[in-house]
Every structure is written in C-alpha cells, then in structure tokens.
Amino acid sequence: MSTPSYALRDSATMLRRNLRRMLRYPSMTLMLVGMPIVFLLLFVYVFGGALGAGIGGVGGGASGRAQYVNYVTPAILLMTVSAAVQGTAVSVAMDMTEGIIARFRTMAIARVSVLTGHVIGTLIQTVFSLVVVTGVALLIGFRPSAGPAGWLAALGVLAALTFALTWLCVALGQTSKSVETASNAPMPLVLLPFLGSGFVPTDSMPTGLRWFAEYQPFTPIIESVRALLSGAPLGNNLALALGWCAVIALGGYLWSKKLFNRESA
Amino acid sequence: MSTKPSAPAITATGLRRSYGDHVVLAGIDLHVPRGTVFSLLGANGAGKTTTVKILSTLLRPDGGTARICGHDLATEPDAVRAAIGVTGQFSAVDNLLTADENLRLMADLHHLGRAEGRRRAERLLEQFDLVEARRKPAATYSGGMRRRLDLAMTLVGDPQVIFLDEPTTGLDPRSRRDMWQIVRGLVASGVTIFLTTQYLEEADQLADRIAVLNRGRLVAEGSPEELKRRIPGGHVRLRFADARHLDVAARVVGPVVRDDDALTLQVPNDGSVGSLKALLDRLDHASVVVEELSVHTPDLDDVFLALTGNPDGPTHSGDAADFPNPANDKVKVTTR
C-alpha cells in the first residue's frame, strides 16, 4: 500500500485538510502574520531613528530610519518564518491531542503523508505571510536594490529555512504534551534573530555574545537575505546558510519520523 | 489487497504487554469468528484498551501473536490496517472540519474515487442522522453526534473487522441506545465487531460471546447465557427500618447474607410470585416490618462478582450514576 504514488496522493489529501483547517481557524494565521508586522513597525518607528544613526554613521531621525528599514527587514522576514512554523508546532500538537492521529495510524495510508501535509501547508502559509510582510515593509520605505534574480534567490533561502524549521517544529509539536507547550517550544526561534545580526551588527556586542551571534545559524541566513536583496557581496554566507538549513531539515525530519513511528502509549 | 475469506476475523495467542514493571496484559488468547460480536468486558485498567491498541497495530505486544482476517499483525501491518476500522473512546474526528469534510477526508485516504466517496459520505450521513449538521464543524456537535460521526468515519473504508473501544462511555442513555441500534445494524450487514465495555448490560445486549478481562487475564469466556449459568440463582433483598427487625427477620428466614450497616438481608429466591408470597407470609407471622423489597434475577453483574471477587465490578465503577442498571432491579416494592 505504501507505493510512492499513494504517498503523493495521501500527502495531497493531508495538505487539503491542513489548508482547510487554516481557513477555518484564521485567527491563528492572522496572529502569525501580525506579530512580525508589529515588530517591523516597532523597530522602524520607535527604535529606527536611533539605531539607523548608530549603524550607518549618518544623522539620526528620518535618514537614519530610512536606512534602518533596509537593514532590519531581512530580520523581520526571518521572524515571519519563525512565527509561521510556530503555528505548525501548534497544529501538530492539536492533532496529537485530538486523537485523529490514532485514527490515521490505524489506516493503510502512507504514514509520512500526515507530516508532509503539515510541512507543505506551512510552506504555503509562510509564503503568504512573507508576501504580506514584504508588502508592509515596502509601504514604509523598504527600498531593496535587488533585481528579480536577487528576489527569487532571497525567497529561495527563506523557503529553505521554512522547510528546515517546519520539520523541527513538527517534531516539537509531537513531543509536546499539550497545545500550550507546543506554542512555547519554538519561542527561541523567534528570539534568535535578536541574538544575531538581525537588528544590530554583531560587532557592537560584547565578546561572548558576539561570538555566539556570529556563529549561530540565523546570522548567515540573515546576512544572505540582506546581501541578496541589497546586491551586496555574499561571501560564504549563502553556503553556510544553506548548509545550516540542510542540517536542521535533516535532523528535524529524522526526529519527527522517529517520534511519529514510536508507539502511542 | 488480499483477503482470506476462510480465516477467522481475529485470532490471538499469548498476547502480553507491560509498561515498565506494570503488567497490563498477562497473556491472553482470543478467537473471534467472522460476522459475530465479541465483547471484552472489564473494569477501568483491566487492559481492554491495550488489547484494542495491539490488535489495531497501534502498540506492539511484548509477546504473543495475532492475526486479523488471516493477516499477521507483526509482518503484515498494512494488510491488517486495510481490513479494520477503529473507533476509540476518545473521538478521532477533525473538530475544525464538518461532517461532510471529515467523511470525504476518509474517502480520499481510502483512495476512493470522487463519485464513490461522495456516494458513501451521503449514505453514512443519512444512516447516522447527521444530514442536518453536515455543514457545521464537528467542534459544535454533542457527544452523541460526535461519536456517530466517529463511527461513520470508521465505516467509510468498509472494514471487515470493527474495533469499538468503549463506544458508549460518557454518552447519555438515549445516545447509548442509538449506538446499540447502530451496532446491531452493522452486525446484520456481516461485519465482525470487537467491542470493549465496562457495562455488563451492554455486553449482554450486543455480544454473541463475552470474555471477562481482569488484571490482564481472561477469567471467563462464553455466551451471555453460559456465563449467567455459572452463578447461583437469584435472590431478593429486604431492607428493614432498624436492627431489631433485621435480627428477627434473620432468624425467621434462615441462612442469609446479612448487611448490618445497610440493614439488609439477601435471601435466595427464584423471584416467582408463589415463593415471594411464602417469604412475606413468614415475615408477617413474625411481625417483621419490611421497609423495602427488591427482586434480583442473576445478571452479568453477579457473574463478574463471582469471577473476579471484586465488588467494584464494572457497573459500579466510574460514572455508574449516569448508568442505572434497570435489569438489576426487576421489581422494587416499598411496603408500608
């Protein structure tokens, strides 16, 4: 029964189910899109003047703010991804607690489809969120210099990150005993851009923190997106970013699969 | 998928399972012919759900083997899954989807075509009285409706063997009777049902054969009639106003089971009008006032008591208050 064609067909069925659930429960999607927008506005309008002056060396106020929008938007896009995958952990945990997973497990379906349905659903939701957040950023003065290729490449990096973090969150959702735990477990993902080059350059940080900030996975990803959108040189950031994504995706996938195949107690 | 029509629906030998040091199943054997209702009866924690989980491929047994419709659990789990349907005690419906969508989801997962899926969904909505609620999310349903939808979802794939794990636990009496009606209808259509319950009355009503599970072991197995035959006849229970009347009555009626706290006597009696009259006449002659009299014909409750020595048998555990057992008190007369 577990031929590849059934795996595909069952995944499509599960994807339809997840998309339908997202439409049925829009408050979650709205919250997940709303959070990065709030952060964007907060950082640009409240802190933007001062921070922009700090990092650019130009005058404060409006010109600093204009520069800071360009600096911070890539970090906000990353945060959009982190927020969206938080939704995945929650919906996976909801499935686990509602008992419908037990039903799926007793059916002759391609087992992995239960999880791939979530992963592909999240990818679609995240692309939607990214479009909305980018739209807001453009409205408030985000002026990237990238051409279509740069945009596409940046989207590719963000999609790779989404894919990786989603598998991680599918596992986190499965390990959580309740929906509440599941919504808290991915919190560190939302904080990581702060402890990297997301909001301020790392060389302004004290040594220990700077060391962490420079080597944590989000920094090369943010730097890649930033460079791709602004046309700046990439260095080895892109390779590092994709490497991290591959490692997180593989780890998350294997962990998820192991959790899903374990016995229900 | 290959079916082996001659093979029995369920066979199991020596199924064992422990969680850490706690032995949940201590080796049970099962044999369920096709087209019958088999009921596994036991109190909470007896191992009923563990048995269902093992037979439905959710849990691996520590020891023993089992076959469903001829397919080995360990080596052909997908063939087993294709032959079974499971409705657990906690409903497995998608709360955000409507009845329609839940049923179509099942049809898609069974790889039925669109037209066939729609046809089956339609038929099941009809059969389970869910037509009016078909476009409402399952989260808004009552417990009984949700359980009906749950069972309907199980039936989309036309399973040959259906596991019903405590299908009426937590339902009101009306929904419970509806569920019984549905189960009888399923049996008539030829499927095999493996039913677990903690309600003796339910097993008595539905099952062809009953196995009593106590602390991970099967302590008895047989038809409801066979099990009832294994215990002594009926009795009447007499309640008195005070200890003095109780004392006198105990002397008059001879060897009885006596409860000084409840002020009751249990007197062996077949419950016929003649023998009841004789008993009451004797008490009347001794000027004993009987406060209350109830006649008990032997039922599975007594069987359970006799077999497990556990006074907190099935119907007395859990939410017994929701489930008065009318079969237990055939006649209740309050004198005076």
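Chains as they are written, first to last, in UniProt numbering: chain A, 1 to 265; chain B, 1 to 336. Backbone N, C-alpha and C define an ideal beta-carbon position, used for all residues, glycine too.
- In this structure, B:G47 and B:R16 do not form a Cβ contact; the two beta carbons are roughly 10 angstroms apart against a cut-off of 8 angstroms.
- Look at the region 83-100 of chain B: the residues with a C-beta under 7 angstroms from a C-beta of chain A are I84, V86, G88, F90, S91, A92, V93, D94, N95, L96 and L97.
- Residue range T264 to P268 is occupied by the beta strand (DSSP E) that includes B:Q266, with no alpha helix (DSSP H) assigned at that position.
- The beta carbon of B:E116 is closer than 8 angstroms to those of A107 in its chain, skipping five residues each way along the sequence.
- Distance check between B:L55 and each of B:R146, B:A262, B:P167 and B:L73 places B:L73 closest, using alpha-carbon atoms only.
- In the structure shown, B:F194 falls within a strand segment according to DSSP collapsed to helix, strand and coil.
- When DSSP states are grouped into helix, strand and coil, B:L40 belongs to the strand group.
- Under the three-state reduction of DSSP, B:D100 is assigned to helix.
- Listed by position along chain B, the residues whose Cβ is nearer than 8 angstroms to that of A:T13 are L105, D108 and L109.
- DSSP places B:P137 within a strand segment (E or B) once states are collapsed to three.
- As computed with DSSP, A:Y6 is found in no beta bridge at all.
- Look at A:A89: its C-beta is not under 8 angstroms from any C-beta on chain B.
- The beta-carbon of B:D78 is placed less than 8 angstroms from the nearest beta-carbon of chain A.
- Residue range H22 to V32 is occupied by the beta strand (DSSP E) that includes B:D29.
- In the three-state DSSP reduction, B:S223 falls in the coil class, being neither helix nor strand.
- Taking a contact as a CB-CB distance under 8 angstroms, the pair B:V93 and B:D165 does not count as one, their CB atoms being some 15 angstroms apart.
- Close to B:S56, with beta-carbon spacing below 7 angstroms, are these residues of chain A in chain order: T106.
- Taking the Cα of A:M35 as reference, the smallest distance to any Cα among A:V85, A:F218, A:G48 and A:G243 is reached at A:V85.
- By the CB criterion at 8 angstroms, A:M94 and A:V179 fall inside the cutoff.
- Within the region 107-124 of chain A, the residues whose Cβ lies closer than 9 angstroms to some Cβ of chain B are M107, A108, I109 and S113, listed in chain order.
- With contacts defined as CB atoms closer than 8 angstroms, A:T106 and B:T57 qualify as a contacting pair.
- Take the alpha-carbon of B:K277 and the one of B:S175: they are about 39 angstroms apart.
- Scanning its chain for C-beta atoms nearer than 7 angstroms, with the 5 sequence neighbours on each side dropped, one finds around A:V81 the residues T126, L158, L161, T162 and L165, in chain order.
- For chain B, none of the residues of the region 45-78 of chain A brings a beta carbon within less than 9 angstroms of one of its beta carbons.
- Each of B:N214, B:D259 and B:H245 was checked against the Cα of B:V23, and the nearest Cα belongs to B:N214.
- Look at the region 125-138 of chain B: the residues with a C-beta under 7 angstroms from a C-beta of chain A are P137.
- Between the C-alpha atoms of B:G271 and B:L293 there is a straight-line separation of about 11 angstroms.
- For the pair A:S11 and A:I101, the Cα-to-Cα distance works out to about 14 angstroms.
- A:Q216 is the residue among A:P186, A:Q216 and A:T207 whose C-alpha sits nearest the C-alpha of A:S197.
- If the five residues before and after A:A182 are omitted, its C-beta is found closer than 6 angstroms to the C-beta atoms of A89, V90, A93, G173 and S176, all from its own chain and listed in chain order.
- Taking 8 angstroms as the threshold, the shortest C-beta distance from B:R17 to chain A does not fall below it.
- Under the 8 angstroms criterion on CB atoms, B:R147 is classed as non-interfacial with respect to chain A.
- The Cβ-Cβ distance between A:R24 and B:P224 does not fall below 8 angstroms.
- DSSP places B:N214 within a strand segment (E or B) once states are collapsed to three.
- Runs of the alpha helix (DSSP H) spanning 4 or more residues and lying entirely within the region 40-69 of chain B occur at 48-55, in chain order.
- Annotation: Cβ neighbours of B:R81 in chain A (cutoff 7 angstroms, chain order): T106, M107 and A108.
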